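Below: one structure, written as structure tokens.
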Amino acid sequence: MNAEIRGLQLEGVAKQFGKVRVVEQIDLSVAQGEFVVLLGESGCGKSTVLRMIAGLEDVSAGRVFINGRDVTSLPPMARDIAMVFQNYALYPHMDVAHNMSFALELSGTPKSEITRRVAEAAEVLSITHLLQRKPRELSGGQRQRVAIGRAIVREPLIFLFDEPLSNLDAKLRGHMRTELTLLHQRLGKTIIYVTHDQVEAMTLASRIVIFHKGLIQQVGTPSEVFNQPANLFVAAFIGMPSMNLLEGSVLVDKGSTVLKGAGFLIPLPAGVQWPQQLVVGLRPQALQIAASGPGVLQLQVDVVEYLGTESVLVGKLAGGTDARITAVVEGNRTDLLHQTVPLTFDPPALHAFDKATGLRVRT
Ligand SMILES: Nc1ncnc2c1ncn2[C@@H]1O[C@H](COP(=O)(O)OP(=O)(O)O)[C@@H](O)[C@H]1O
Ligand SMILES: [Mg+2]
Numbered sequence: 000m001n002a003e004i005r006g007l008q009l010e011g012v013a014k015q016f017g018k019v020r021v022v023e024q025i026d027l028s029v030a031q032g033e034f035v036v037l038l039g040e041s042g043c044g045k046s047t048v049l050r051m052i053a054g055l056e057d058v059s060a061g062r063v064f065i066n067g068r069d070v071t072s073l074p075p076m077a078r079d080i081a082m083v084f085q086n087y088a089l090y091p092h093m094d095v096a097h098n099m100s101f102a103l104e105l106s107g108t109p110k111s112e113i114t115r116r117v118a119e120a121a122e123v124l125s126i127t128h129l130l131q132r133k134p135r136e137l138s139g140g141q142r143q144r145v146a147i148g149r150a151i152v153r154e155p156l157i158f159l160f161d162e163p164l165s166n167l168d169a170k171l172r173g174h175m176r177t178e179l180t181l182l183h184q185r186l187g188k189t190i191i192y193v194t195h196d197q198v199e200a201m202t203l204a205s206r207i208v209i210f211h212k213g214l215i216q217q218v219g220t221p222s223e224v225f226n227q228p229a230n231l232f233v234a235a236f237i238g239m240p241s242m243n244l245l246e247g248s249v250l251v252d253k254g255s256t257v258l259k260g261a262g263f264l265i266p267l268p269a270g271v272q273w274p275q276q277l278v279v280g281l282r283p284q285a286l287q288i289a290a291s292g293p294g295v296l297q298l299q300v301d302v303v304e305y306l307g308t309e310s311v312l313v314g315k316l317a318g319g320t321d322a323r324i325t326a327v328v329e330g331n332r333t334d335l336l337h338q339t340v341p342l343t344f345d346p347p348a349l350h351a352f353d354k355a356t357g358l359r360v361r362t
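Here you go:
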């Protein structure tokens, strides 16, 4: 591999524990300075990938390159990476400054250099005033910042984060998300960040890698994975509430192409090679109450969740299956409870997937 290539490359990296394959061959290239988030549900192999990048776990196949150097057989200390875990055990008997400097002391970094790095990291993280405190005298968010500080002082080529915010309460998590974005802007370092939280992924990532059962489902910017999900898995996984998925058969009705399913007839754009069996996806936010006419979908509303600026309508299609359909509409619409509401959508909001393969149909 060319030594000029910076960042991180994974080539055919796979992992099996005994006979169980937990990560299938993955190829991924992360440019210098990118913030890449590995997103997937618990147990899909995210931490295993991160640990293979860190050298904490051997690869079963493939190679890992950092800044163009093949590090596949190097131990963690020789890889120029720093990792922050969900359970960031700080040393309880050391103050914050010492927690941050400890690894540098062990590696024989000159004292003046250590002092400079700790001061700089503390400044970046706004914890200068906490340097003399012990971990027990800190809040959860402050402790997490110290754990990040410990990684920053090592001045690594790549930061690896494994669900670093999962132990914090929701409000603090939101705050720390913003802090991490600012930190990335200031340091400009490559970050690989693992989470199961799609909001973290959408807000932090320059690119998201969506994992499912040890396989990459899609790699893209937050906008790409949200607006052009590559397959049904990504479509259902990204977005809240989840995308509505409606399955049916493609027919030509009076010269126009439609999707016919239980309780609906949805017009499809012309000039597309439609598969016979199609699944269409409509985000709850894309559905609107029809101003006039019958609309495209008739929603029998069973539940209205009023959230302040919007209402979530949950129900079933009249004459349809038991599948739940969700629509998010403006304002307080508790008046729609137990009503049948005509819904429509703008044609570009329609996602389409081949039922047989699960893959997105390009429209
Ligand atoms: N040391 C191990 N031995 C056997 N199985 C493991 C080991 N580590 C992880 N696994 C299994 O590999 C799968 C992926 O785990 P992990 O990478 O921790 O997932 P995630 O971080 O996405 O939650 C899980 O099924 C887990 O049980
Ligand atoms: Mg994990």
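Quick note: the sequence shown uses numbering that gives the first Met the number 0, first residue 0, plus one each step. Ideal placement from N, C-alpha and C gives every residue a C-beta, glycine not left out. Since this is a predicted model, take the numbers as computed values, not measurements.
Go through its chain and collect everything with a Cβ distance to Thr320's Cβ below 8 Å, but skip five positions before and after it. Locating residue 320 in the sequence shown gives position 321, counting from the first residue. Same-chain partners within the cutoff: Ala261 and Gly262.
Mapping the DSSP letters down to three states, classify Gln141 as helix, strand or coil. Taking the sequence shown and counting its residues from 1, one reaches residue 141 at position 142. It is helical.
When you compare the CB positions of Val48 and Val22, do they come within less than 9 Å of one another, or not? The sequence position of residue 48 within the sequence shown is 49, counting from 1. The sequence position of residue 22 within the sequence shown is 23, counting from 1. Against a cut-off of 9 Å, the Cβ pair of Val22 and Val48 comes out as a contact.
Roughly how many whole angstroms lie between the Cα atoms of Met0 and Gln8? Taking the first residue of the sequence shown as position 1, residue 0 is located at position 1. Taking the first residue of the sequence shown as position 1, residue 8 is located at position 9. In this prediction, Met0 has a pLDDT of 47, which is less than 50 and means its spatial position is unreliable; what the coordinates show is noted afterwards. Spanning the two alpha carbons is a distance of roughly 10 Å.
Measuring from the CB of Ser46, is there a heavy atom of ligand 1 at a distance below 8 Å? As a position in the sequence shown, residue 46 is number 47, starting the count at 1. Within the cutoff, so yes.
Mapping DSSP to helix, strand and coil, what is Thr127? As a working note, residue 127 is residue 128 in the sequence shown. Note: Thr127 maps to helix in three-state DSSP.
Per DSSP, what are the beta-bridge partners of Met82 in this structure? Residue 82 sits at position 83 when you count from the first residue of the sequence shown. For Met82, DSSP records a beta bridge to Leu159.
For Phe344 versus Ala234, is the C-beta spacing smaller than 9 Å? Sequence index remark: in the sequence shown, residue 344 carries index 345 (1-based). Sequence index remark: in the sequence shown, residue 234 carries index 235 (1-based). No, the Cβ-Cβ distance between Phe344 and Ala234 is not below 9 Å.
Going by alpha carbons, who is nearest to Leu231 out of Ala169, Ile80 and Leu277? Residue numbering aside, residue 231 sits at position 232 when the sequence shown is read from its first letter. Minimum Cα-Cα distance from Leu231 among the listed residues Ala169, Ile80 and Leu277 corresponds to Leu277.
Rounded straight-line distance, which links the Cα of His211 to that of Val198: Translated into the one-based positions of the sequence shown, residue 198 becomes position 199. Translated into the one-based positions of the sequence shown, residue 211 becomes position 212. Straight-line Cα distance between these residues: approximately 17 Å.
In whole angstroms, give me the CA-to-CA distance for Leu27 and Val300. The sequence position of residue 27 within the sequence shown is 28, counting from 1. The sequence position of residue 300 within the sequence shown is 301, counting from 1. If I take the Cα positions, the gap works out to 44 Å.
Under the criterion of a Cβ to heavy atom distance below 8 Å, does Gly213 qualify as lining ligand 1? Taking the sequence shown and counting its residues from 1, one reaches residue 213 at position 214. Checking every heavy atom of ligand 1 against the Cβ of Gly213, one is found closer than 8 Å.
When burial is assigned at 16 or more other CB atoms within 10 Å of the CB, is Arg149 buried or exposed? The count along the sequence shown starts at 1 and reaches residue 149 at position 150. With 16 or more other Cβ atoms within 10 Å, it is buried.
Does the beta carbon of Val35 sit closer than 9 Å to a beta carbon anywhere in chain C? Considering every chain present, this structure includes no chain C. It has just one protein chain.
Sort out for me which residues DSSP pairs Leu167 with in a bridge. Locating residue 167 in the sequence shown gives position 168, counting from the first residue. Leu167 is not bridged to any residue.
Quick one: is Gly280 buried, meaning 16 or more other Cβ sit within 10 Å of its Cβ, or exposed? Within the sequence shown, numbered from 1, the residue matching residue 280 stands at position 281. Per the 10 Å Cβ criterion, buried.
Local conformation of Met0 per DSSP, three classes: Stepping through the sequence shown from its first residue, residue 0 is reached at position 1. Because the pLDDT at Met0 is just 47, under 50, the model does not fix this residue reliably, and the point stays unresolved.
Measuring only from the beta carbon, is Glu199 closer than 8 Å to any heavy atom that is part of ligand 1? Looking up residue 199 in the sequence shown gives position 200. No.
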